[in-house]
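Per numbering that gives the first Met the number 0, the very first residue in the sequence shown carries number 0; after that it's consecutive. See below for the structure under consideration.
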Amino acid sequence: MNANNFDYEQTVMCIIINAGACRSYAMQALALAKAGNADEAMLMMEQANDALKQAHEVQTQLIGLDEGAGKVPVHLIMVHAQDHLMNAILLKDLSTEFIDIYQKLSAQEAR
């Protein structure tokens, strides 16, 4: 992919789709952990991590193409994609912490 030869909309949508998938998997993981299904929650978080990795790889490619020189146009849809990615990262990180808390609470209740 180079700055003159890439599908802008498809590239941006790849970030949005994968960030959205990450967010969905993280929310499912939280629900599973809350219900006491820690193992399933961790599997869901692995899927969240995979989706986030795909979105981040596309973002990294765009940054490389831009070379800090404004070669990649920044339209509202790009801002939207970056917002989705940022929120997915935050939710994934917070979900990891909440799952840990749910596991500790579950262990305490089992005593």
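Just so you know, even glycine gets a beta-carbon here, dropped at the ideal spot from N, CA and C. Predicted, not measured: the structure shown is a model, and the values here were computed from it.
In terms of Cβ geometry, Q46 and N17 do not form a close pair [threshold 7 Å]. In terms of Cβ geometry, S105 and G35 form a close pair [threshold 7 Å]. In this structure, the straight-line span from the alpha carbon of I76 to that of V11 is close to 7 Å. Under the three-pair Cβ rule at 8 Å, the segment 49 to 65 counts as touching the segment 76 to 89. With a threshold of 16 other beta carbon atoms within 10 Å, L51 meets it and is buried.
Within its own chain, the residues whose Cβ lies closer than 6 Å to the Cβ of A32, once the five positions on either side in sequence are excluded, are A40, I98, Y101, listed in chain order.
Across the structure, H74 and A28 are spaced so that their CA atoms are roughly 33 Å apart.
Membership of D6 in any alpha helix (DSSP H) is not indicated, and neither H nor E is assigned to it by DSSP. In the DSSP assignment, G63 falls within the alpha helix (DSSP H) that extends over 37 to 65.
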